[in-house]
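Here the protein sequences come in this chain order: A and B.
Position in the first sequence counted from 1, then plus 659, gives you this note's numbering.
Position in the second sequence counted from 1, then plus 3, gives you this note's numbering.
Every residue gets a Cβ at the ideal spot worked out from N, C-alpha and C, and that includes glycine.
Keep in mind it's a predicted model, so treat the numbers as computed, not measured.
Working notes for the structure below.
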Amino acid sequence: MLQRRHIHDYIARHAMLAATLFAGGLVIAIAVALYLRAHPLLASQSLAALLRGHTWAPSRGEFGFLPFIAGTLWVTAVAAALAVPVCLLAAVYLAEYAGPRVRAVVKPLIDVLAGIPSVVYGVWGLLVVVPYIAETLGPYAQRHWAHLPLLHTDYTTGFSILAGGVVLAIMISPAIIAIADEVLRAVPREYREAAQALGATRAETITRVVARKALPGLAAAVVLGLSRALGETMAVLMVVGNWPHVPTSIFDGAYPLPALIANNYGEMMSIPLYDAALLGAAFLLLVLVLAFNLLARVVLVRATREAV
Amino acid sequence: MKTFLTALVAATLLVTLGTTALAQPPQHLRGTLSLSGAWAIYPLAVKWGEAFTKKYPDVKLDISAGGAGKGMTDVLAGAVEIGMVSREVDRAEKAKGAFPIFIAKDGVFPTASAKNPALAQLQAKGLSVKTFTDIYITGRVTSWRQAVGGPHAPIHVYTRSDACGAASAWAATLGAYKQDDLKGIGVYGDPGLLETVRRDPLGLAYNNLSYVFSGDALAKGIVIVPIDANKNGKVDPAERIDTREKAYAEIASGRYPGARREYFVTKGAPKGLARAFIEFALSDAGRKILESVGGYVPLSEKESAAELRRF
């Protein structure tokens, strides 16, 4: 009898181990597959030349990835700048201030936002955000922001980093708000009571005690949102202009890596190096997201060590 | 006696085979034929397929759309018998055994907004292929003034972001170029591009035949920028395209520079069912179906015959 229970235990433990290894191994399997398919390109040109190249002209054998890397980082940075402050404030309000009735109305609305397919965001961006930037914001920037870095423009068609950033910011908000809200609510009530018993105001309690305790979780929420932003494809592709150059202003068009893959995958695969270049782009995107997560984790470890 | 019987059987067989080849009685074609590829050809292939299966009830057709490149990849990998490809076939693809058969004509048209400030000059002078090249490829021409002597305003150049037959055809119209040589802001899909240029008075784009016209007239708010094909500095009657009928006639005549070819691609010369289907598509019955579908221009009889002679 005892024997059978031991066998059960043994099987269960190893089955779970296998499941865990399988999930973890997927990342490695995907990376290896992408690398192998991208290999013909890496064999024909040096990695440094590919990463620093400005020109994307596969028909002439030029595969410069710099415009796409820059495009990805620009769009993600704009989305982060727009989304993170708003999301964190919204999460603090929902967790700390909002009454149950406000929560009951607002939370489901935000969850619905998370469920909207990305192509719908793209169409909305095309119909609303792009024309607004072309007709209102762009001309204003042209007159008043001509000498500002990052914001200057001679003319914008509306298909721009800003349009991509706005659409992305809205898309990643629900996840950031939901996770940040959960994290803040998980902070034990005793912390708040202790702070307030010492005479701290509500705002002081939140910034000095709750936010500090919740910092790793809040950072995780932001990292998760931005990881999604790095890889989001369809909605961005529809509004970002898909122009392979290194941008200098948020009113320029850009061409993020996922858009490059989506626009051309399947269409050009019968041309030898193009195939390798697109899978190289996919590999690069994977590396970018992994590096970003790694960096975030390192920063996070440092931050928590200092906070405690 | 035995030899006589054998001879008789052989003769009967020969006669049967002979009549099969000549009259093609329906019951002798059977099996499944699969096609995949360009969205641009899909509706036409479906109509051809309906008529073909009516004629040969034992034949099953499996037609799917997923883009020209998918059709090409599938046919080269042997996953389908016929790939539908709405662009010119690359040399690397031919080296792998791609055998393109020209099955229909289509066209891509440069478009601008009806609110374009240089509209009068554009419709009087048109733009030469060289000017289009300077706008789309070299970037030497950047304003409507440089292009046609219109007002001093920049040209907002738009192109397709997704790899597609229309962009390949437009690049090929301008010279020995590929889609990635085209400059401009990339917009996804034909409808997106049309909507963008409709809204932007300074915009310049290109669209497929089937999107430029709604009914017989031009889509609302859009003009076709005349291509000054003979480079005489003015728009001749043949170069002014403002109705669907006129567009068809100019593409059919072979004069229109933006004409584009649609292909069925097989791996090696077509055999068996694929061959029968392609022969049907290029027959008179096939041509009638093509005309009824709309959005495509048939090959001339001479061109059809020339294609049929190739295999």
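* **Given A:A749 as reference, the closest of A:H673, A:L821, A:M893 and A:L877 once Cα atoms are compared** => A:L877
* **Other residues of its chain near B:L311: CB distance less than 8 angstroms, five sequence neighbours each side excluded** => E282 and L285
* Can B:L125 and B:V228 be called in contact, C-beta distance under 7 angstroms? -> yes
* Can you give the Cα-Cα distance for B:E84 and B:A156, rounded to whole angstroms? -> 51 angstroms
* Measure the Cβ-Cβ separation of A:T892 and A:P875 and say whether it is below 7 angstroms. => no
* Decide if B:Y139 is buried, meaning its Cβ has at least 16 other Cβ atoms within 10 Å, or exposed. => buried
* **Below-7 angstroms beta-carbon distance, A:W804 vs any chain B residue** => no
* Hey, is the stretch 804 to 813 of chain A in contact with the stretch 771 to 789 of chain A, meaning 3+ C-beta pairs nearer than 8 angstroms? -> no
* Hey, B:G40 and B:M87: beta-carbon distance below 7 angstroms or not? -> yes
* Around the Cβ of A:L954, are there at least 16 other Cβ atoms within 10 angstroms (buried) or fewer (exposed)? -> exposed
* Can you pull the DSSP bridge partners for B:R94? -> None, per the DSSP bridge assignment.
* Can you name the residues that DSSP bridges to B:E157? -> Looking at the sequence shown, residue 157 of chain B is not Glu but Pro. Paired residues: B:S146.
* Would you identify the three-state DSSP class for A:F910, choosing helix, strand or coil? => coil
* Taking just the CA atoms, how far does A:A839 sit from A:Y694? -> 35 angstroms
* To do: Compute the Euclidean distance between the alpha carbons of A:G817 and A:V898, then round it to the nearest angstrom.
  => 8 angstroms
* Cross-chain neighbours of A:A716 in chain B, by beta carbon under 9 angstroms -> K181, D183 and D184
* **chain B contact residues for A:M897, given Cβ-Cβ distances below 9 angstroms** => S164, V190, Y191, G192 and G195
* In terms of DSSP beta bridges, what is A:W982 paired with? -> Residue 982 of chain A falls outside the range modelled here, since chain A spans only 660 to 967, and no answer is possible.
* Please list, in chain order, all residues of the same chain as A:L785 whose beta carbon is under 7 angstroms from its beta carbon, the five residues on each side excluded. => M897 and V898
* Asked: At a CB-CB cut-off below 7 angstroms, which residues of chain A make contact with B:H159?
  -> T816
* chain B contact for A:W783 (CB, 7 angstroms cutoff) -> no
* Taking the Cβ atom as the reference point for each residue, do A:F681 and A:T815 lie within a distance shorter than 7 angstroms? -> no
* To do: Give a yes or no on whether the minimum CB-CB distance between A:G720 and chain B is below 7 angstroms.
  => no
* Grab the span of the alpha helix (DSSP H) containing B:R278 for me, first residue to last. => G275 to A284
* Asked: Does at least one heavy atom of the ligand PLP sit under 6 angstroms from the Cβ of A:V882?
  -> Among the ligands in the structure shown, none appear at all, so the ligand PLP cannot be discussed.
* **Pick from B:T246, B:M75, B:D165 and B:E294 that is closest to B:P194, judged by C-alpha positions** => B:D165
* Check whether the Cβ atoms of B:G261 and B:F112 lie closer than 7 angstroms to each other. => yes
* State buried or exposed for A:M830, treating a residue as buried only when at least 16 other CB atoms are found within 10 Å of its CB. => buried
* **Within chain A, partners of B:D109 - CB distance below 7 angstroms** => Within 7 angstroms Cβ-Cβ: nothing; B:D109 doesn't reach chain A, min ~17 angstroms.
* **Bridge partner(s) assigned by DSSP for B:F216** => B:L221
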